[in-house]
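Residue numbers (my numbering): 10 to 148.
Contents: one structure, followed by commentary.
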């Protein structure tokens, strides 16, 4: 008579789900870092300031850039001046009370090109607006 053999339980874990999750995380971080770099791709010589408040890294702000030719870019994409209000309205609907904008402009751009953006944001109720600057030398 044959004695039945006991099957040993496998102590190996199935690694396939963990590998899938790791690949998904890698793809997520690659895509999100690419989108974050698009905002800073526009070469802008920021104005100098002796004092400023550092940006809160936890806060998500809409980045609006104005280059030397007074062309407006929102999140790295060129837009027409007339579209700024529509984009700010859409952003305000998405973010609600947490809506904030950050304006990156070349130091030589006249204020008359930046002021309409600030005015439109204020008209819509976006009170948190910041202008990106470089730290200047204190006198």
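All C-beta atoms, glycine included, are put in the ideal place defined by N, C-alpha and C.
Straight-line CA distance for residue i to residue j?
i: residue 147; j: residue 117; result: With a pLDDT of 49 at residue 147, under the threshold of 50, the modelled position of that residue is not reliable, and the figure given next carries that caveat. Between residue 147 and residue 117, the C-alpha separation is close to 20 Å.
i: residue 108; j: residue 89; result: 21 Å
i: residue 136; j: residue 77; result: 26 Å
i: residue 83; j: residue 99; result: 13 Å
i: residue 38; j: residue 101; result: 26 Å
i: residue 124; j: residue 103; result: 24 Å
i: residue 128; j: residue 32; result: 44 Å
Restricting to Cα atoms, I'd like to know which of the options is closest to residue i.
i: residue 92; options: 73, 78, 103, 105; result: 73
i: residue 75; options: 112, 133, 34, 26; result: 112
i: residue 97; options: 123, 133, 84, 31; result: 133
i: residue 121; options: 80, 26, 30; result: 80
i: residue 106; options: 131, 95, 41; result: 131
i: residue 115; options: 22, 140, 11; result: 140
i: residue 110; options: 33, 28, 70; result: 70
i: residue 94; options: 119, 126, 21; result: 126
With DSSP run on the structure shown, which of helix, strand or coil describes residue i?
i: residue 101; result: helix
i: residue 148; result: Residue placement at residue 148 cannot be trusted, given a pLDDT of 45 that sits under 50; the coordinates are not used to answer.
i: residue 111; result: strand
i: residue 117; result: coil
i: residue 135; result: coil
i: residue 83; result: strand
i: residue 39; result: helix
i: residue 75; result: strand
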